[in-house]
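Participant: Anchor point for the sequence shown: position 49 equals 49 in UniProt numbering, and the numbering is continuous, going up by one each time.
All residues carry an ideal CB built from backbone N, CA and C; glycine is no exception.
These numbers come from a predicted model, not from an experiment.
One structure follows; several queries about it will come next.
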Amino acid sequence: MKKKDLMEQAGISSFSIRKLNRGENVTTDVLGKICKALGCTLDDICEFEDTDK
1 MKKKDLMEQA GISSFSIRKL NRGENVTTDV LGKICKALGC TLDDICEFED
51 TDK
């Protein structure tokens, strides 16, 4: 799927896509919309990294 298609299907902005590409934080709302568009769960697209170490 192209980024433009994901933006349209998920109803998210190009700004959110740019943040994801840069590895920056996005809201859980954005992640939820992406999951819905892709038919997956948050566990499928995210990984928790403990930064307190």
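(1) Look at the Cβ atom of I45, then the Cβ atom of I12, and state whether they are nearer than 9 Å.
(2) Rounded to whole angstroms, what is the Cα-Cα separation between M1 and A10?
(3) In terms of residue numbering, what span does the alpha helix (DSSP H) encompassing V26 cover?
(4) Which two residues bound the contiguous alpha helix (DSSP H) that contains E8?
(5) Report the rounded CA-to-CA distance for D52 versus K19, giving the unit in angstroms.
Facilitator: On the basis of the data shown:
(1) It is not a contact, given that the beta carbons lie outside the stated cut-off.
(2) Looking at the two C-alpha atoms, the distance is approximately 12 Å.
(3) Element bounds for V26: n/a, residue is neither H nor E.
(4) Run containing E8: K3 to A10, per the alpha helix (DSSP H) assignment.
(5) Cα-Cα distance, rounded: 23 Å.
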